[in-house]
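Participant:
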């Protein structure tokens, strides 16, 4: 992708709150990784181990922390990786289609559209839908009756929002995600059939949430499934009815969270983690990939394994597990040696007694 | 959500086949959980442990079993949770759009539409499609050539039905689900490439099945993939080609079932369970979350773990697993003590012999 | 499905490079499995164990290898299963809609359409999109600005292709798949918030790749996520940013691959396998279902387990695991017997000393 902008080294330094080392009028035409950067572009080094790669990089400038040695013009900051993200944004502003209402779209009754909204073709808005300012809805998006989307949110193609879902501001929802499908709730019928429990609650997504492609967040039976401010959710995640996810969580790909779970703030669930229903995870807890959570997790705990245990124990269990077959053989051998000892001792004692 | 109806306590009791305790003319304006119920609303207690919460509930009436003490007007039934589901349905009838053909929709040749069908905008029906009475198809639904949808079924937004898929009556398919994509079948080619085996079979979904959001059910290579009556499937489930799922199963979120598996009736697979191909699961069997099924499962068995084992063994293995590192150390120490015993015994016997 | 063609046994033999046993003018009206085949149809036996079933099959002809005994007219080939796939293709040619541009579709500026393209209704193509010859795009497909689709590729309903994605020739993408959504990349902000790292790279899908329903392949942060020629991907797979998947891989359902992983050629990942980020898998390696890969895998290795270990060790660990609780008890008993031995020995030695 060709960048859409040029900046001087000094302008970029001001943008990230850093200091310039070298010529501040140096023109920077793009940003790239150490390996890919071309002359004219800026790159970054987040960890000292990459300084060796820097030596052979073609980049004309580099973002560094306050202490790493620079072999070319540099911007010095406290956190090079964060500064890199900011510089990226300045070179690649998010590609926003111009405000317009596509043809055809299908709008229900009493729909309220904010300023500078983008509705691409084949969007459907049900009755009583509210769309905030500068919202972008890509083709195939469906928003059910009574739902609302806050200012500056973007819903990519083929996203489905069921009825009575409230979505905050600056929310990003990737293609194919489904928000507000019925929770999975049944009660046994007289003949062993599963009778559906109507799922009449809603979903509330707060500001600054990002939701990955084909992720599913179910509506509550009663009340609301809730995703709090700033939480980021990866692709193909399942969040069941009546779950509450706290602020600033990271939920990685293919995580599955059962009904009525409650996650605190700054929780991280790594890929393919599963949780049984009605479990509470404390603030700042981390769960390692593929773990299975079956009971409450303490704040700041690190859990791993299926069924999950504290990470420091799990690490030792992991190291010990491949030795289990050998251990069985060792114990069988010990058993024989003990039997021999016992036989000999009995024999010796008999000897002593009768000697 | 505001409810759409009001009922007297007596009407609700008649609806659920229960008996009234208190004034049968009491007007009930809604239904809610113990915590959320407001004056005028009815709540329910399914288990005695929630009776304490009932004391402080604001609800004007409660659904109870035949023996729990009532502190306010009540409906007594054998199964309070089932009665609650029924009452919910009476207050929140499923929101069905009025019968209509949206604009635009795309209809193939020889399409047959039943009575009072709802086709929302941007629906596509291929040639020779049959749609039953009162079917609702949300925006973005695609139904491929030769497929049929039975009476009273609802397909939510952006559901894809490939060609020659037969869907029964009162089936609910949530947004983004895909029924009838090609099974994953290849045969090694001369140069190690994977040659596609045409997937020319179909899919048959019987009556009263519910299918979760973004779930995928593949078509058969030959014959049909089959989901029998009354089975309920959660979000993001994968069902491969030529699988047969029996009646009244519960398949929870992110379950994966490989090709040609066969599940009996009333099977429950908990979240993220996986099955290798060609495995049979007996009637009324249950598989615990994240388990991996690699061979046939007996009727009524409860299985757990990856690789799966009987649940009663798995529970003990789970309890023992964190002790494995300690066990290794214990056995090493025992080995040293036995070596010492052996040395001493040899020494003692030498003593005795030469004593 | 009724087949669309009839062939003589001799024609079919020529098609698969086999030799006829019996009447080459025998008319074959279809192809089916051993159990389902009807008179007039041809079936196949890939392994000797199915010869018993052949005896009762109604098929009028059979595909066999060079040595298995034939009880009816036969085609003899080296690889019966591959020949079966070819014969299937001849009876069921892929159902391709006639070339046409549906109504309505939404086309951006500078869109280039090849010859005999099929655009079904409700397709959206962004600006600067290039569509190759004979491409088929089903309803609800969205192709973002600057993306391209190679000749003879098919994208089923509701597939989403983001901007700047390059898709090769003869690629099949099943319904609901999402190619090019943002990678999951954040950097910690000053208040513990997660700041989005713009994902400005692309995705490149080479020729002859097949991608399953609702699978997600994210765009790169910088550079490109890459799926090489001939790789087949099942349903609900997650492939993160900057991953490179080699040629002729098989990635089964619900696999999850984290950022910057690199897979060699002919790698097989079975269902629900997960990989942490920045891991390399060597050529021809195989990973068993539900395994978790946390470090590099050697070429031709077979790995299993979460955390993964070599399959030959894992098999023994699996056999030993259910015996762990018993082992704990055995070791406790041994400990008591050793203590008794030690006490007796001390006693005996005291006896000897003081005897």
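Protein chains in written order, with our numbering: chain A, 1 to 355; chain B, 356 to 710; chain C, 711 to 1065.
Ideal Cβ positions, reconstructed from N, Cα and C, are used throughout, including at glycine.
Closer than 8 Å, CB to CB, is residue 2 of chain A near chain B or not?
Facilitator: Model confidence at residue 2 of chain A stands at a pLDDT of 47, short of 50, so the residue's coordinates are unreliable; what they give is reported in the following sentence. It does not: the Cβ of residue 2 of chain A has no partner Cβ on chain B nearer than 8 Å.
Participant: Excluding the five sequence neighbours on either side, which residues of its own chain have a C-beta within less than 8 Å of the C-beta of residue 98 of chain A, listed in chain order?
Facilitator: Answer for residue 98 of chain A: 118, listed in chain order.
Participant: For the stretch 691–703 of chain B, list every residue whose C-beta sits within 8 Å of some C-beta in chain A, in sequence order.
Facilitator: Correct list: 693, 696, 697, 700, 703.
Participant: Against chain C, with Cβ distances strictly below 8 Å, would residue 689 of chain B count as a contact?
Facilitator: Cβ-Cβ to chain C under 8 Å: yes for residue 689 of chain B.
Participant: Between C/751, C/857, C/900, which has its C-alpha nearest residue 929 of chain C's C-alpha?
Facilitator: Nearest option by C-alpha distance: C/857.
Participant: Pick helix, strand or coil for residue 147 of chain A, following the three-state DSSP scheme.
Facilitator: DSSP places residue 147 of chain A in coil when its eight states are reduced to three.
Participant: Do residue 598 of chain B and residue 609 of chain B have their C-beta atoms within less than 8 Å of each other?
Facilitator: Not a contact, by the Cβ cut-off of 8 Å.
Participant: Would you say residue 324 of chain A reaches chain C, if we count a Cβ-Cβ gap shorter than 8 Å as a contact?
Facilitator: By this cut-off, residue 324 of chain A is an interface position.
Participant: Strictly under 8 Å for the Cβ-Cβ distance: is residue 537 of chain B near chain C by that measure?
Facilitator: Output row for residue 537 of chain B: interface = yes.
Participant: Determine which residues of the stretch 657–670 of chain B have a Cβ less than 8 Å from any Cβ of chain A, and write them out in chain order.
Facilitator: Of all residues in the stretch 657–670 of chain B, 661 have a Cβ within less than 8 Å of some Cβ in chain A.
Participant: Given this structure, state the Cα-to-Cα distance separating residue 75 of chain A from residue 21 of chain A, to the nearest angstrom.
Facilitator: Taking the straight line from one Cα to the other gives about 6 Å.
Participant: Among residues of its own chain, excluding the 5 on either side of residue 277 of chain A, which ones have a beta-carbon nearer than 8 Å to its beta-carbon?
Facilitator: Hits under 8 Å: 240, 258, 259, 260, 261.
Participant: Beta-carbon separation of residue 274 of chain A and residue 645 of chain B under 8 Å?
Facilitator: The answer is yes: Cβ separation under 8 Å.
Participant: Check the Cβ of residue 1008 of chain C against every Cβ in chain A and list those closer than 9 Å, keeping chain order.
Facilitator: Going along chain A, no residue has its Cβ under 9 Å from residue 1008 of chain C, so there is no contact; the nearest lies around 16 Å.
Participant: Taking DSSP as the reference, what is the three-state secondary structure of residue 916 of chain C?
Facilitator: Coil, per DSSP.
Participant: Please name the residue in A/131, A/29, A/187, A/140 whose C-alpha comes closest to that of residue 42 of chain A.
Facilitator: Nearest option by C-alpha distance: A/29.
Participant: Taking Cβ-Cβ distances below 9 Å as the criterion, which residues of the stretch 105–120 of chain A are in contact with chain C?
Facilitator: Answer set for the stretch 105–120 of chain A: 120.
Participant: Between the alpha carbons of residue 934 of chain C and residue 914 of chain C, how many angstroms are there, rounded?
Facilitator: Distance between the alpha carbons of residue 934 of chain C and residue 914 of chain C is about 6 Å.
Participant: According to the neighbour-count rule (16 or more other Cβ atoms, all chains shown, within 10 Å of its Cβ), is residue 18 of chain A buried or exposed?
Facilitator: That one is buried.
Participant: Hey, is residue 142 of chain A's beta-carbon within less than 8 Å of any beta-carbon in chain C?
Facilitator: No, residue 142 of chain A lies away from the interface with chain C (no Cβ there is under 8 Å from its Cβ).
Participant: Near residue 902 of chain C, which residues of its chain fall below 6 Å by C-beta distance, leaving aside the five closest residues on each side in sequence?
Facilitator: No residues qualify anywhere along the chain.
Participant: In this structure, does DSSP put residue 445 of chain B in helix, strand or coil?
Facilitator: It is helical.
Participant: At 3 residues or longer, what runs of the beta strand (DSSP E) sit wholly inside the stretch 302–344 of chain A?
Facilitator: Qualifying beta strand (DSSP E) stretches, in chain order: 302–304.
Participant: Report buried or exposed for residue 975 of chain C, applying the criterion of at least 16 other Cβ atoms within 10 angstroms of its Cβ.
Facilitator: Classification for residue 975 of chain C: buried.
Participant: Return helix, strand or coil for residue 898 of chain C, following the three-state DSSP convention.
Facilitator: Reduced to three states, the DSSP call for residue 898 of chain C is strand.
Participant: Provide the residue span of the beta strand (DSSP E) that contains residue 520 of chain B, from first to last.
Facilitator: 520–522 is the span of the beta strand (DSSP E), which, as asked, contains residue 520 of chain B.
Participant: So with Cβ pairs under 8 Å, would you call residue 907 of chain C a contact of chain A?
Facilitator: Closer than 8 Å to some Cβ of chain A, the Cβ of residue 907 of chain C qualifies, so yes.
Participant: Which residues mark the beginning and the end of the beta strand (DSSP E) in which residue 986 of chain C is found?
Facilitator: Run containing residue 986 of chain C: none; DSSP gives neither H nor E here.
Participant: Using Cβ-Cβ distances below 7 Å, what residues of the stretch 781–800 of chain C are close to chain B?
Facilitator: If the cut-off is 7 Å between Cβ atoms, the stretch 781–800 of chain C has 791, 792, 795, 798, 799 near chain B.
Participant: By the 10 Å Cβ neighbour count, where 16 or more other Cβ atoms means buried, how is residue 422 of chain B classified, buried or exposed?
Facilitator: Residue 422 of chain B comes out exposed.
Participant: Count the CB pairs spanning the stretch 844–853 of chain C and the stretch 862–880 of chain C that are closer than 8 Å, and state whether there are at least three.
Facilitator: Flag = yes, the stretch 844–853 of chain C and the stretch 862–880 of chain C touch.
Participant: Does the beta carbon of residue 250 of chain A come closer than 8 Å to any beta carbon on chain C?
Facilitator: Yes, residue 250 of chain A lies at the interface with chain C (some Cβ there is under 8 Å from its Cβ).
Participant: Using a C-beta cutoff of 8 Å, does residue 748 of chain C count as contacting chain B?
Facilitator: It does not: the Cβ of residue 748 of chain C has no partner Cβ on chain B nearer than 8 Å.
Participant: Would DSSP call residue 76 of chain A helix, strand or coil?
Facilitator: Strand, per DSSP.
Participant: Scan the stretch 220–233 of chain A for residues whose Cβ lies nearer than 7 Å to a Cβ of chain C and list them as they occur along the chain.
Facilitator: Those would be 230, 232, in chain order.
Participant: Is it the case that the stretch 685–695 of chain B contacts the stretch 653–667 of chain B, given that we only count it when at least three CB pairs across the two stretches are under 8 Å?
Facilitator: No contact exists between the stretch 653–667 of chain B and the stretch 685–695 of chain B.
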